[in-house]
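Novice: In the numbering used here, the protein residues as written are 1 to 318.
Below are the structure tokens for one structure; questions will follow.
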Amino acid sequence: MKGLLLVIMLIALAISGCTEKGPSVPDRNVAELKNLSAPSAENLSSFAVHSLVAQTMKLNAGANANEEKTTAITESLETLSSVNLSAMMVHVSGSTKSKIEVEGQPENNSETGAEVYLIGNSTYLQEQNGNWTHLIDPRAAEEVWSEDKNNQVLSLARTFNLSQLEDMGSESVEGEDSQKFRIVTASADETNLFNIAFAVAAKVTQYPMNLPSINRSELNKTAKMEKTIWISKKSTLPVKYESAISFSMTPEIIGAMNLSTGQMEMFNQSRPLGEISVSVQTSDRFYDFDKPTSITLPEEALSAPALSPATMQPASGQ
């Protein structure tokens, strides 16, 4: 199930540190904040973000729905990111903890970590074994960084601008006087929900060896989604975003890969699996706006062979 947590990282849960507090800066109305937030984020030179993700998945571990054998998988991901937009540099350090509990078997725990640098159009990745990988994007650095692709704050501010909101009053986020809003979910969220659910079903059924199917009506009936954003009254920038999602589903296998022909063959009758319940909660805390940010690539990363993702062959001159 490793890697599934990163795929589903579209959702978020509040972290501690938010306390109710009387506003020290006059409240702005929603329309004013919407008009100011994105332009403020467009001018950022740097920022930092602390992200947390917690995912719990419970599923039937049997080969079919009649076998009652539950597996619980818990994963948590924590990352710290420093982004220097002016210098086109990002540094991300992260760790993932996993726990697998299968009924009648010993608990299985694991922890992995990674270090990532994006420097211009080069990505340097240090894996758990300490080795470094250097990937070169064939595009120029200016193209990789164009259209504010790595400005998460601006992306969130634009989401805020386009969303229907419910004002939840003033709140302090680690000393930052902010206004809190609930984001009303829309039809696009249902599409995201289905994509998340299908990614889970694909992992469980070992797609593409097996082809899963999901009852969308059942999924929508059990799903719960919440999204909340905090906007600084002083800077009008997003300082925190959280959301939570949970759902249950009973996927079916409707086809399998024929290893002789390499083609997917559909079954005459689907094969139901046990119920799967998923809960994902994450939190993003943004801070250190426009503060001097120094990102230095470790010397050992510079000696890593350079590879092009398109060809996975050593780049010219390496």
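Here a beta-carbon is modelled for each residue, glycine too, at the ideal position from N, C-alpha and C.
At least one CB of chain C closer than 8 Å to the CB of V92: is that the case?
Specialist: No chain C appears in the structure shown, which is made up of a single protein chain.
Novice: Where do the ends of the beta strand (DSSP E) carrying T112 lie?
Specialist: Locating residue 112 in the sequence shown gives position 112, where the first residue counts as 1. From DSSP, the beta strand (DSSP E) with T112 extends over 108-119.
Novice: Tell me whether the beta-carbon of T71 lies closer than 8 Å to the beta-carbon of E101.
Specialist: As a position in the sequence shown, residue 71 is number 71, starting the count at 1. As a position in the sequence shown, residue 101 is number 101, starting the count at 1. Taking a C-beta distance under 8 Å as the contact criterion, T71 and E101 qualify as a contact pair.
Novice: Please go through the stretch 215-278 and give each complete alpha helix (DSSP H) segment of 4 or more residues, from N-terminal end onward.
Specialist: Taking only runs of at least 4 residues, the alpha helix (DSSP H) segments lying wholly in the stretch 215-278 are 216-222.
Novice: Looking at I254: is its Cβ nearer than 8 Å to the Cβ of S217?
Specialist: The residue labelled residue 254 in the question sits at position 254 within the sequence shown. The residue labelled residue 217 in the question sits at position 217 within the sequence shown. Result no, Cβ atoms of I254 and S217 do not sit closer than 8 Å.
Novice: From the DSSP output, read off the bridge partner residues of P208.
Specialist: Translated into the one-based positions of the sequence shown, residue 208 becomes position 208. According to DSSP, P208 bridges with nothing at all.
Novice: Under a Cβ-count criterion, where at least 16 other Cβ atoms within 10 Å of its own Cβ denotes burial, should D288 be classed as buried or exposed?
Specialist: The count along the sequence shown starts at 1 and reaches residue 288 at position 288. Burial call: exposed.
Novice: DSSP three-state call for A48: helix, strand or coil?
Specialist: By one-based count along the sequence shown, residue 48 stands at place 48. DSSP places A48 in strand when its eight states are reduced to three.
Novice: Would you kindly work out how many angstroms separate the C-alpha atoms of L193 and G113, rounded to a whole number?
Specialist: The residue you call residue 193 lines up with position 193 of the sequence shown. The residue you call residue 113 lines up with position 113 of the sequence shown. One C-alpha to the other measures close to 28 Å.
Novice: Here's the rule: buried if 16 or more other CB atoms are within 10 angstroms of the residue's CB, otherwise exposed. What is D284?
Specialist: Taking the sequence shown and counting its residues from 1, the one referred to as residue 284 is at position 284. Per the 10 Å Cβ criterion, buried.
Novice: Below 6 Å CB to CB, which residues in the same chain sit around G120 once its five sequence neighbours on both sides are set aside?
Specialist: The residue you call residue 120 lines up with position 120 of the sequence shown. Once the five neighbours on either side are set aside, the close Cβ partners of G120 are M88, A141.
Novice: Quickly, what does DSSP pair I196 with across the bridge? List them, please.
Specialist: Position 196 of the sequence shown holds residue 196. The partner list for I196 (beta bridge, DSSP) is empty, contrary to what the question assumes.
Novice: If you reduce the DSSP assignment to three classes, tell me which class A301 lands in.
Specialist: Stepping through the sequence shown from its first residue, residue 301 is reached at position 301. Helix at A301.
Novice: Output the distance between the C-alpha atoms of A304 and L297, rounded to the nearest integer angstrom.
Specialist: As a working mapping, residue 304 is identified with position 304 in the sequence shown. As a working mapping, residue 297 is identified with position 297 in the sequence shown. Each residue's Cα considered, the two are about 12 Å apart.
Novice: Tell me the rounded alpha-carbon separation between D189 and E111.
Specialist: Numbered from 1 along the sequence shown, position 189 holds the residue referred to as residue 189. Numbered from 1 along the sequence shown, position 111 holds the residue referred to as residue 111. Rounded to whole angstroms, D189 to E111 spans 31 Å at the Cα level.
Novice: Would you check if the stretch 258-276 and the stretch 228-236 touch, i.e. whether three or more CB-CB distances between them fall below 8 Å?
Specialist: no
Novice: Going by other Cβ atoms of all chains shown within 10 Å of its Cβ, with 16 needed for buried, is E299 buried or exposed?
Specialist: Taking the sequence shown and counting its residues from 1, one reaches residue 299 at position 299. The residue in question, E299, is exposed, as its Cβ has fewer than 16 Cβ neighbours within 10 Å.
Novice: Residues in the same chain with beta-carbon distance under 6 Å from T96, minus the five sequence neighbours each way, listed in chain order, please.
Specialist: The residue labelled residue 96 in the question sits at position 96 within the sequence shown. Once the five neighbours on either side are set aside, the close Cβ partners of T96 are L77, T112.
Novice: Would you mind giving the Cβ-Cβ distance between V30 and L165, rounded to the nearest angstrom? I have them listed as a contact below 8 Å.
Specialist: The count along the sequence shown starts at 1 and reaches residue 30 at position 30. The count along the sequence shown starts at 1 and reaches residue 165 at position 165. Going by Cβ atoms, the distance from V30 to L165 rounds to 6 Å, so yes, they are a contact pair.
Novice: Could you tell me how far apart the beta carbons of N215 and M249 are, in whole angstroms, since I believe they sit closer than 8 Å?
Specialist: Position 215 of the sequence shown holds residue 215. Position 249 of the sequence shown holds residue 249. Right, their Cβ atoms sit about 7 Å apart.
Novice: At a cut of 8 Å, does the stretch 122-140 reach the stretch 148-162 through at least three beta carbon pairs?
Specialist: no
Novice: Under 8 Å by Cβ, that's how I've got Q55 and V280 pegged, so tell me the actual separation to the nearest angstrom.
Specialist: On the sequence shown, position 55 is the one that residue 55 refers to. On the sequence shown, position 280 is the one that residue 280 refers to. Indeed they touch by this definition, with Cβ atoms about 5 Å apart.
Novice: In whole angstroms, what is the alpha-carbon distance linking E252 and N109?
Specialist: Walking along the sequence shown from the start, residue 252 turns up at place 252. Walking along the sequence shown from the start, residue 109 turns up at place 109. Roughly 29 Å between the two C-alpha positions.
Novice: Indicate whether N84 and E275 have their beta-carbon atoms separated by less than 8 Å.
Specialist: Here residue 84 corresponds to residue number 84 of the sequence shown, with the count starting at 1. Here residue 275 corresponds to residue number 275 of the sequence shown, with the count starting at 1. Not in contact: N84 and E275 (Cβ atoms no closer than 8 Å).
Novice: Taking the alpha-carbon positions, what's the V116 to Y124 distance?
Specialist: As a first step, residue 116 is located in the sequence shown; it is residue number 116 there, counting from the start. As a first step, residue 124 is located in the sequence shown; it is residue number 124 there, counting from the start. If you take the alpha carbons of V116 and Y124, they lie about 6 Å apart.
Novice: Are the CB atoms of A48 and S81 within a distance shorter than 8 Å?
Specialist: Walking along the sequence shown from the start, residue 81 turns up at place 81. Walking along the sequence shown from the start, residue 48 turns up at place 48. Yes. Within cutoff.
Novice: In its own chain, which residues sit with a C-beta less than 7 Å from the C-beta of Y241, not counting the 5 before and 5 after it?
Specialist: The residue you call residue 241 lines up with position 241 of the sequence shown. Cβ within range, chain order: A12, L156, I229, D284.
Novice: Let me confirm a value: K180 is counted as buried when at least 16 other C-beta atoms fall within 10 Å, else exposed. Which label applies?
Specialist: Within the sequence shown, the letter at position 180 stands for residue 180. The residue in question, K180, is buried, as its Cβ has 16 or more Cβ neighbours within 10 Å.
Novice: List the endpoints of the continuous beta strand (DSSP E) containing T159.
Specialist: By 1-based counting over the sequence shown, the position of residue 159 is 159. No beta strand (DSSP E) holds T159; the alpha helix (DSSP H) holding it covers 152-162.
Novice: Determine whether the beta carbon atoms of F247 and V153 lie at a separation below 8 Å.
Specialist: In the sequence shown, residue 247 corresponds to position 247, counting from 1. In the sequence shown, residue 153 corresponds to position 153, counting from 1. The answer is no: Cβ separation not under 8 Å.
Novice: Does the beta-carbon of N210 have 16 or more other beta-carbons within 10 angstroms, so that it is buried, or is it exposed?
Specialist: Indexing the sequence shown from 1 puts residue 210 at position 210. N210 should be labelled buried.
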